[in-house]
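As structure tokens, the structure follows; a few thoughts come after it.
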Amino acid sequence: GAVVSQHPSRVICKSGTSVKIECRSLDFQATTMFWYRQFPKQSLMLMATSNEGSKATYEQGVEKDKFLINHASLTLSTLTVTSAHPEDSSFYICSAPGRSNTQYFGPGTRLTVL
Amino acid sequence: GDSVTQMEGPVTLSEEAFLTINCTYTATGYPSLFWYVQYPGEGLQLLLKATKADDKGSNKGFEATYRKETTSFHLEKGSVQVSDSAVYFCALSGLTGGGNKLTFGTGTQLKVEL
Chain A
1 GAVVSQHPSR VICKSGTSVK IECRSLDFQA TTMFWYRQFP KQSLMLMATS
51 NEGSKATYEQ GVEKDKFLIN HASLTLSTLT VTSAHPEDSS FYICSAPGRS
101 NTQYFGPGTR LTVL
Chain B
1001 GDSVTQMEGP VTLSEEAFLT INCTYTATGY PSLFWYVQYP GEGLQLLLKA
1051 TKADDKGSNK GFEATYRKET TSFHLEKGSV QVSDSAVYFC ALSGLTGGGN
1101 KLTFGTGTQL KVEL
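Top to bottom, those sequences are chains A and B. Using my numbering, read the first sequence as starting at 1 and increasing by one per residue. Using my numbering, read the second sequence as starting at 1001 and increasing by one per residue.
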């Protein structure tokens, strides 16, 4: 089946630094990818829709200048958390749509900001 | 807007017990409905789905029926195993985002004990 990878799986950074997370569709092309944030014991919250060849679409309340999204190619989207702070610590998950309205999810990236 | 409500966990069952995880939704039109499962340390995987009223999705012994009259999509399994221990998410795909945008419930953690 379709596979989506994320890198890194875990990252620890100092407050004020920026962190880039990659999401790749390994055996299919994705003109759209989705970025979610998952808080402990809570559901996935959609942050933004990454669009190949155009700007990302952000959900209400998500700071576009803080969470920079770049859909560099048909198989790669990146999320950069700029000037990270401890409250940005979370589990970030990407997904890409496949056939029949099915989403394929990456394994997630655990970000810890010290 | 669209929303999904599912029963809170954790749910703890003995092996071979019957499982029901309730899920109800609010959406415009006729969404597609999904159950995703997240095993410890892994990303979300599609468990089953249904795209129209009265459809029954099934996989690995799990079933859920799309009930439009009660706006529900309850997950059931007749005999759970220890390996079913995971977090289960109910989700819907509505009209926005070209039908690819998912709205998730808060997730229900299932623990199956011997």
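Positions of the beta carbon are idealized from the N, C-alpha and C atoms, including for glycine.
Asked	Found
Touching by the beta-carbon criterion (3+ pairs, under 8 Å), the stretch 36-47 of chain A and the stretch 58-66 of chain A	yes
Closer than 7 Å at the beta carbon, the chain A residues around residue 1106 (chain B)	42 and 43
Option nearest residue 82 (chain A) by Cα separation, candidates A:74, A:17, A:22 and A:10	A:17
Per-residue contacts from residue 105 (chain A) into chain B (C-beta, under 8 Å)	1036, 1043, 1044 and 1045
Alpha-carbon to alpha-carbon, residue 1069 (chain B) and residue 1001 (chain B)	19 Å
Residues of its chain near residue 1009 (chain B), where Cβ-Cβ distance is below 6 Å and the 5 sequence neighbours each way are ignored	1108 and 1109
Residue from B:1031, B:1017 and B:1016 with nearest C-alpha to residue 1094 (chain B)	B:1031
Amino acids of chain B, ordered along the chain, whose beta-carbon sits closer than 7 Å to that of residue 108 (chain A)	1043
Coarse secondary structure for residue 87 (chain A), derived from DSSP in three states	helix
Residues within the stretch 1002-1030 of chain B neighbouring chain A, beta-carbon criterion of under 7 Å	none
Environment of residue 1018 (chain B) [buried if 16+ CB atoms lie within 10 Å]	exposed
Beta carbon of residue 92 (chain A) nearer than 7 Å to that of residue 21 (chain A)	yes
Which of helix, strand or coil DSSP assigns to residue 19 (chain A)	strand
Rounded C-alpha distance that separates residue 49 (chain A) from residue 1114 (chain B)	42 Å
Boundaries (first-last residue) of the beta strand (DSSP E) holding residue 1074 (chain B)	Segment: none, residue 1074 (chain B) is in no beta strand (DSSP E) and carries neither H nor E.
Residue 1079 (chain B) versus B:1021, B:1062, B:1047 and B:1042, residue with shortest Cα-Cα distance	B:1062
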